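Trainee: The structure's right below; bear with me while I get my questions together.
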Amino acid sequence: MSNLTVYWDQRIVGTISRHQKGKITFQYAAEWLESSGRQISLSLPCREQRFPPGVSTAFFENLFPESEARTILAFNRRFDRKDTFAFLENFGEDCAGALSIIPEMENVIHHRSKYRCIDAELREALQAIKSEPGKHKLYPELASGRLSIAGAQDKLPVYYENGSFFLPENPASPTTHIIKPASPYFHDIQRNEAFCMDLARQINLPVPHSGLYTFAGHELFLIERFDRLRLSNKVIRVHQEDFCQAMGLPFNRKYQEQGGPGFLQCRELAEEYLSTDISEVKQTLTAVLAFNYLIGNNDAHGKNFSIIHEDIIKLAPFYDLVSTQVYPSLDRKLAMAIGNTFRHDRINENSFTHFSKDMKLRPEKAFEVIAKTALEVERLYESVLSRHEKQHGKAEIYSNLHTVLRRNLNRLKEIANQVNSADGKKPRL
Ligand SMILES: Nc1ncnc2c1ncn2[C@@H]1O[C@H](COP(=O)(O)OP(=O)(O)OP(=O)(O)O)[C@@H](O)[C@H]1O
Ligand SMILES: [Mg+2]
Numbered sequence: 001m002s003n004l005t006v007y008w009d010q011r012i013v014g015t016i017s018r019h020q021k022g023k024i025t026f027q028y029a030a031e032w033l034e035s036s037g038r039q040i041s042l043s044l045p046c047r048e049q050r051f052p053p054g055v056s057t058a059f060f061e062n063l064f065p066e067s068e069a070r071t072i073l074a075f076n077r078r079f080d081r082k083d084t085f086a087f088l089e090n091f092g093e094d095c096a097g098a099l100s101i102i103p104e105m106e107n108v109i110h111h112r113s114k115y116r117c118i119d120a121e122l123r124e125a126l127q128a129i130k131s132e133p134g135k136h137k138l139y140p141e142l143a144s145g146r147l148s149i150a151g152a153q154d155k156l157p158v159y160y161e162n163g164s165f166f167l168p169e170n171p172a173s174p175t176t177h178i179i180k181p182a183s184p185y186f187h188d189i190q191r192n193e194a195f196c197m198d199l200a201r202q203i204n205l206p207v208p209h210s211g212l213y214t215f216a217g218h219e220l221f222l223i224e225r226f227d228r229l230r231l232s233n234k235v236i237r238v239h240q241e242d243f244c245q246a247m248g249l250p251f252n253r254k255y256q257e258q259g260g261p262g263f264l265q266c267r268e269l270a271e272e273y274l275s276t277d278i279s280e281v282k283q284t285l286t287a288v289l290a291f292n293y294l295i296g297n298n299d300a301h302g303k304n305f306s307i308i309h310e311d312i313i314k315l316a317p318f319y320d321l322v323s324t325q326v327y328p329s330l331d332r333k334l335a336m337a338i339g340n341t342f343r344h345d346r347i348n349e350n351s352f353t354h355f356s357k358d359m360k361l362r363p364e365k366a367f368e369v370i371a372k373t374a375l376e377v378e379r380l381y382e383s384v385l386s387r388h389e390k391q392h393g394k395a396e397i398y399s400n401l402h403t404v405l406r407r408n409l410n411r412l413k414e415i416a417n418q419v420n421s422a423d424g425k426k427p428r429l
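At position 354 of the sequence shown the residue is numbered 354 (UniProt numbering), and the sequence of numbers has no breaks.
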């Protein structure tokens, strides 16, 4: 039976073999170990022996879309949705990070990059999504290519240039952007994400370039890939993995309540493996926690944080910053507990104190970062909202975002006042 070859850009890293029950095993190539010595995951450290099916499958399966898109893709290509080997064989050519997964028999080394313009198909697919809400998905309809991208929301990785969209024709053609269309389930989510990501950028959180984009009359959220480097004549893949992959957890354990990572585990991983200033990393994670609290993003789970493997290992920019609290039907529980609670409305001074212990930060330092983030958000959110409204037109989502932000800012102020009065100091927020 043939195997799959794993490439890191155009070099062979290792081999994937089929195991029982849809699982796979991974083994590094001897030549890769000798010449490069780079690990593809913190959960798959360099070694000669083949990795067991559990950890091999968890890492690679985390590259796939979740829920419906995965079911449709598997159905269309006639394989079982749990067949990890078949999924990689069909869709592993362009993934998150630097890896391309290609059937062993195919020769990829001498390919030159080649893309196909999909403007017409994209226009049609977006029209279909709009006319028959819930019946169409961008990714399955356009994934004639062998692409994979994780997550629950519909999206499509593309190569984008001068207002046109393209799909790769071979493995030597990395995608550069991700498109997320409007959702029939979460009203104006594309505007929601464009606003939250913009606000994050304004308060100096590290985020990729992104924005709302109108294509053939359809609004899209368009984001640049931070795992691609665009040189003058080619695009290079940069390796990344999310925290579930790094911890060897399957994607169905992305939520802390289901055995996924919490802030304590994220900090431990950062302390053990990241090559950058750990105190800065802990403060950045604290700032994003405060930001997510304020925008009401309850879905910041283990797959929404990633690390980049370059010469050094570092935290990736933040992505998927969306207010989930503007949609009352969505789960109110937090993906990661803050201190001792998963409930946003039960967070109090103790939760943040407990959180600061998880982060191994002095409570005063953690509160300082949280307060600074809140002050910046408070200073800027109204002007960012009104700029978006002016640019893209009035919409209910903007007033809902305003309500959520105002409420969460007030809650945080109350908590800060409790902290400060306990300290006997003047309120800082
Ligand atoms: N700008 C980016 N650059 C590189 N990779 C990205 C970028 N944005 C997202 N990704 C990758 O794509 C995956 C899915 O993206 P994202 O989290 O935005 O989707 P989602 O469907 O909204 O997720 P969820 O399932 O959390 O709702 C991420 O886990 C990450 O691996
Ligand atoms: Mg996500």
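Each residue gets a CB set at the ideal place from its N, CA and C atoms; glycine is no exception. Here the structure is a predicted model, which means the values were calculated and not measured.
Quick one, are the C-beta atoms of ALA98 and ARG237 less than 7 angstroms apart?
Mentor: Along the sequence shown, read from residue 1 onward, the residue named residue 98 stands at position 98. Along the sequence shown, read from residue 1 onward, the residue named residue 237 stands at position 237. For ALA98 and ARG237, yes; Cβs fall inside 7 angstroms.
Trainee: Could you pull out every residue in the same chain whose Cβ sits closer than 6 angstroms to the Cβ of HIS218, ignoring the five residues on either side in sequence?
Mentor: The residue given as residue 218 occupies position 218 in the sequence shown. Same-chain partners within the cutoff: LEU126.
Trainee: Less than 7 angstroms between the C-beta atoms of ALA337 and GLN265, yes or no?
Mentor: Taking the sequence shown and counting its residues from 1, the one referred to as residue 337 is at position 337. Taking the sequence shown and counting its residues from 1, the one referred to as residue 265 is at position 265. Cβ atoms of ALA337 and GLN265: not closer than 7 angstroms.
Trainee: Look at the alpha carbon of LYS82 and the alpha carbon of GLY22, and state the distance between them as a whole number of angstroms.
Mentor: Counted from its first residue, the sequence shown places residue 82 at position 82. Counted from its first residue, the sequence shown places residue 22 at position 22. Near 6 angstroms, if we compare the C-alpha coordinates of GLY22 and LYS82.
Trainee: Give the DSSP-derived three-state secondary structure of LEU412 in the structure shown.
Mentor: Here residue 412 refers to the residue found at position 412 when the sequence shown is read from its first residue. Helix, per DSSP.
Trainee: Would the C-beta of ASN304 count as close to ligand 2, meaning under 6 angstroms from any of its heavy atoms?
Mentor: Start at 1 with the first residue of the sequence shown, and residue 304 comes out as number 304. It does: the Cβ of ASN304 is within 6 angstroms (strictly closer) of some heavy atom of ligand 2.
Trainee: Any chance you could list the beta strand (DSSP E) runs of at least 3 consecutive residues sitting entirely within the stretch 359-408, in chain order?
Mentor: none
Trainee: When burial is assigned at 16 or more other CB atoms within 10 Å of the CB, is THR214 buried or exposed?
Mentor: The residue you call residue 214 lines up with position 214 of the sequence shown. That one is exposed.
Trainee: Where are the alpha helix (DSSP H) runs, 4 residues long or more, that stay fully inside the UniProt domain "HipA N-terminal subdomain 1" (4-101), in chain order?
Mentor: 30-35, 53-61, 67-76, 84-91
Trainee: Cβ atoms of ASN3 and GLU104: under 7 angstroms apart, would you say?
Mentor: On the sequence shown, residue 104 is found 104 positions in, with the first residue counted as 1. On the sequence shown, residue 3 is found 3 positions in, with the first residue counted as 1. It is a contact, given that the beta carbons lie within the stated cut-off.
Trainee: Quick one: Cα of GLN190 to Cα of THR84, how far?
Mentor: Start at 1 with the first residue of the sequence shown, and residue 190 comes out as number 190. Start at 1 with the first residue of the sequence shown, and residue 84 comes out as number 84. Approximately 30 angstroms between the Cα atoms of the pair.
Trainee: Is HIS392 close to chain B, meaning its C-beta is less than 7 angstroms from at least one C-beta of that chain?
Mentor: The chain inventory of the structure shown lacks chain B, comprising one protein chain alone.
Trainee: Quick check on DSSP: helix, strand or coil for ASP119?
Mentor: Here residue 119 corresponds to residue number 119 of the sequence shown, with the count starting at 1. Three-state result, ASP119: helix.
Trainee: Go through the stretch 114-177 residue by residue and report every complete run of the beta strand (DSSP E) that reaches 3 residues or more, in order.
Mentor: 115-117, 156-161, 164-168
Trainee: Would THR71 be called buried (16 or more neighbouring beta carbons within 10 Å of its own) or exposed?
Mentor: Here residue 71 corresponds to residue number 71 of the sequence shown, with the count starting at 1. Burial call: exposed.
Trainee: Should GLN153 be listed as close to ligand 1, given that the test is whether its C-beta is under 6 angstroms from any heavy atom?
Mentor: Counted from its first residue, the sequence shown places residue 153 at position 153. Checking every heavy atom of ligand 1 against the Cβ of GLN153, one is found closer than 6 angstroms.
Trainee: What is the DSSP secondary structure of GLN325, counted as helix, strand or coil?
Mentor: Reading the sequence shown from its first residue, position 325 is the one you call residue 325. Coil.
Trainee: Return the residue from the list ASN90, THR284, SER67 that minimises the CA-CA distance to ARG78.
Mentor: In the sequence shown, residue 78 corresponds to position 78, counting from 1. Residue ASN90 holds the alpha-carbon nearest to the alpha-carbon of ARG78 among ASN90, THR284, SER67.
Trainee: Which partner residues of LYS314 appear in the DSSP bridge assignment?
Mentor: The sequence position of residue 314 within the sequence shown is 314, counting from 1. ILE308.
Trainee: Quick check: is any heavy atom of ligand 2 less than 6 angstroms from the C-beta of ASP311?
Mentor: Within the sequence shown, the letter at position 311 stands for residue 311. No.
Trainee: For the 8 angstroms Cβ check, are there 3 or more pairs between the stretch 217-231 and the stretch 36-50?
Mentor: Contact fails: fewer than three Cβ-Cβ distances are below 8 angstroms.
Trainee: Kindly indicate which three-state DSSP category MET197 falls into: helix, strand or coil?
Mentor: In the sequence shown, the residue the question calls residue 197 occupies position 197. In the structure shown, MET197 sits in a helix (DSSP, three-state: H, G or I).
Trainee: Please find out if some non-hydrogen atom of ligand 1 comes closer than 6 angstroms to the beta-carbon of ARG70.
Mentor: Numbered from its first residue, the sequence shown carries residue 70 at position 70. Checking the Cβ of ARG70 against ligand 1 gives no.
Trainee: Determine the direct distance from the alpha carbon of SER232 to that of THR57, and round the result to whole angstroms.
Mentor: Taking the sequence shown and counting its residues from 1, the one referred to as residue 57 is at position 57. Taking the sequence shown and counting its residues from 1, the one referred to as residue 232 is at position 232. Computed Cα separation, rounded: 36 angstroms.
Trainee: Pick from GLN240, SER399, SER113, ARG11: whose alpha carbon is nearest that of LYS303?
Mentor: Indexing the sequence shown from 1 puts residue 303 at position 303. Considering only alpha carbons, the answer is GLN240.
Trainee: Between which two residues does the beta strand (DSSP E) harbouring VAL235 extend?
Mentor: As a first step, residue 235 must be located in the sequence shown, where it is residue number 235. That run of the beta strand (DSSP E) goes 235-237.
Trainee: CB of PRO206 to nearest heavy atom of ligand 3: below 6 angstroms?
Mentor: No copy of ligand 3 occurs in the structure displayed; its ligands are ligand 1 and ligand 2 alone.
Trainee: Tell me whether the stretch 269-287 and the stretch 324-335 touch, counting them as touching only if at least three CB pairs, one residue from each stretch, are closer than 8 angstroms.
Mentor: no
Trainee: Would you say residue 434 and PHE165 are within 7 angstroms of each other, going by their C-beta atoms?
Mentor: This structure gives no information on residue 434, because the portion of the chain shown stretches from 1 to 429.
Trainee: Keeping to the same chain, check which residues put their C-beta closer than 6 angstroms to that of SER17; ignore five residues upstream and five downstream.
Mentor: Position 17 of the sequence shown, counting from 1, holds the residue named residue 17. Once the five neighbours on either side are set aside, the close Cβ partners of SER17 are ASN3, THR25.
Trainee: Would you list the one or two residues that DSSP bridges to HIS218?
Mentor: By one-based count along the sequence shown, residue 218 stands at place 218. DSSP, once it has assigned bridges, lists PHE215 as partnering HIS218.
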